[in-house]
Amino acid sequence: MVQFVALSKDKHADLALSDLNDLSAYVSRPTLPVYGAEISRLALHYPLAFIHQEQGYGIHLLCSFSSELPNAWITPEGKWLGNYIPAIIRQSPFTIVPNDEGKRIVCVDQDNSRLGDQGRPLFEAGEPTEFLSGMIKLLEQLYLNGVGTQKAIDLIASYELIVPWPLIVRHGEAQETPIKGVFRIDEAKLNQLEDDQWLALRRAG
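Counting from 1 along the sequence shown, just add 1 to a position and that's the residue number in our numbering.
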């Protein structure tokens, strides 16, 4: 399990980040969380669905129909199939975590294999490099978008629009495997919303 720690110019002064060349770490991931800002790009090429977790529903990219099968969008060489790599991968090994006072803290998975003494330095003379500053800006944007995305999903769920998605994978002519744990929007219920509910959804993005 990934353990994030606060990024520190003292503790991580000599760290550098190598290029994102190998995605083998994501081969065992059957789904990947998606930010609202990237849904329109991802939906053109990849299947998206709602997944229910402890904190509620989230929108995810379906990478496999079973936890026992590899990620279908990653080649044996660890390359992503497609022109757009999801932001959750591109932001790695960084994330933003709010502390008890609500302040946003930039954190890093210091055990990530991309971190070492080779690549783009994170700090120079005790200050963030241009690369790290750009990454922090991206993280801030993604964090705020993630908060907004979750609020919109929670509103959709409160209208009872999210329903099970009865997907079936066929193996040959006889064998069928039902896919459990994926959800979609009930379009019939969506079309029956009151005007004020529609407006609330539009405001939520």
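Note that CB positions come from ideal geometry on N, CA and C, so glycine has one too.
Can you grab the Cα-Cα spacing for the pair residue i / residue j, in whole Å?
i: Q111; j: L191; result: 44 Å
i: R115; j: E69; result: 26 Å
i: K10; j: D20; result: 21 Å
i: N100; j: Q54; result: 22 Å
i: E141; j: G103; result: 14 Å
i: L62; j: G127; result: 38 Å
i: I169; j: Q92; result: 33 Å
i: A158; j: G117; result: 43 Å
i: K152; j: Y160; result: 13 Å
i: G182; j: S67; result: 11 Å
i: V148; j: G206; result: 12 Å
i: I52; j: Y58; result: 6 Å
So the alpha helix (DSSP H) residue i belongs to, where does it begin and stop?
i: L123; result: Premise fails: L123 is in no alpha helix (DSSP H) and is neither H nor E.
Taking only three categories from DSSP, how would you classify residue i?
i: V44; result: The question names Val, but residue 44 is Ala in the sequence shown. Residue state, collapsed to three classes: coil.
i: T130; result: coil
i: Q193; result: coil
i: Q142; result: helix
i: A158; result: helix
i: R30; result: coil
i: L168; result: strand
i: V6; result: strand
i: L116; result: strand
Could you check how far apart the C-beta atoms of residue i and residue j are, in whole angstroms? I think they sit under 8 Å.
i: I97; j: V107; result: 6 Å
What is the residue span of the beta strand (DSSP E) that residue i lies within?
i: R185; result: 183 to 186
i: L21; result: First-last for L21: undefined, no H or E at that position.
i: A50; result: 49 to 54
i: Y58; result: 57 to 63
i: V164; result: 163 to 165
i: E177; result: 176 to 180
**Message:** To test your reading of the DSSP string, which unbroken alpha helix (DSSP H) runs of 4 or more residues are found completely within the segment 65 to 111?
**Reply:** 88 to 91
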